[in-house]
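What follows is a short report on a single structure.
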Amino acid sequence: MRHLALLMIFALAPLVGAQTTETPAEETPLNDTASTETLKARSPLHPLVQMQTSMGDIVLELDAEKAPISTLNFIQYVDDGFYKGTIFHRVIPNFMIQGGGLEPDHTQKREGLRPPIKNEWRNGLKNKRGTIAMARTNVADSATAQFFINVTDNPFLDQPNDGAAYAVFGKVVKGMETVDKIRSVETRPGGENSIPVQTVLIRDAKLISEFDREAAKKLTEAAR
């Protein structure tokens with residue numbers, strides 16, 4: 008289906024193919040037993056976003072200290088309600104799950120889409136299991152709304168390709184079992200473009216902790 012070329016992660020198909028034979032890496036330390044209230048006590052430059060999906064909830068901790076541009080961009084889409092009703096449209100079980108840009112009929116969501124952002128791939132955050140990163144085309148600074156969650160350690164995504172690597176801007180701190188449910192769904196045959204047979208819906212995404220927007224904006228200006 009042609010929509011898979013829209014905001015895919017990749018001119019990296021050969022490397023992606025190589026990843027599918029690897030044994031999944033050990034899980035990045037997460038705290039799935041922590042209460043949401045405990046998680047909320049973290050730094051206001053590390054805001055929490057709760058993503059409600061048709062397969063369960065995922066709580067993301069974003070890093071506005073190391074990735075202020077990507078964090079502010081993601082939070083703005085959350086504030087706008089952009090992700091509500093979008094889907095996880097691409098699932099590769101020992102690589103990543105990707106979503107945030109397509110409607111349930113697999114057409115691109117255009118209303119509310121904002122201009123691309125600068126790629127923050129040099130921020131020191133790595134594409135490890137449980138991290139969230141920005142999806143893009145083969146143009147370095149082309150990320151808009153789509154994101155992916157790594158389900159294994161993917162160090163090859165930390166290496167420059169087309170002039171840049173893939174910018175991590177946060178991690179899953181609660182709900183990794185939901186991520187693993189999504190990675191395990193049946194997909195249609197299609198090589199690297201694996202489409203879930205069942206619709207995996209993002210019902211809503213909302214900010215659930217304090218967030219120092221002004222400090223994040225200052226960091227963003229310094230990062231441009």
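With the working numbering, you'll find the sequence shown wraps up at 231, consecutive numbering, no jumps.
Virtual Cβ for every residue (Gly too), placed ideally from N, Cα, C.
- Note: V98 is bridge-paired with I104 in the DSSP secondary-structure output.
- In the DSSP assignment, G63 is bridged to T60.
- In this structure, the CA atom of A222 is about 15 angstroms from the CA atom of S216.
- A residue is called buried once 16 or more other Cβ atoms fall within 10 Å of its Cβ, and E228, having fewer, is exposed.
- Per DSSP, reduced to three states, the secondary structure at L109 is strand.
- In the structure shown, V180 falls within a strand segment according to DSSP collapsed to helix, strand and coil.
- With respect to I94, V186 sits apart: the two C-beta atoms are not nearer than 8 angstroms.
- Between the alpha carbons of K73 and R129 lies a gap of roughly 9 angstroms.
- With a contact defined as Cβ atoms closer than 8 angstroms, P111 and T194 miss out at about 16 angstroms.
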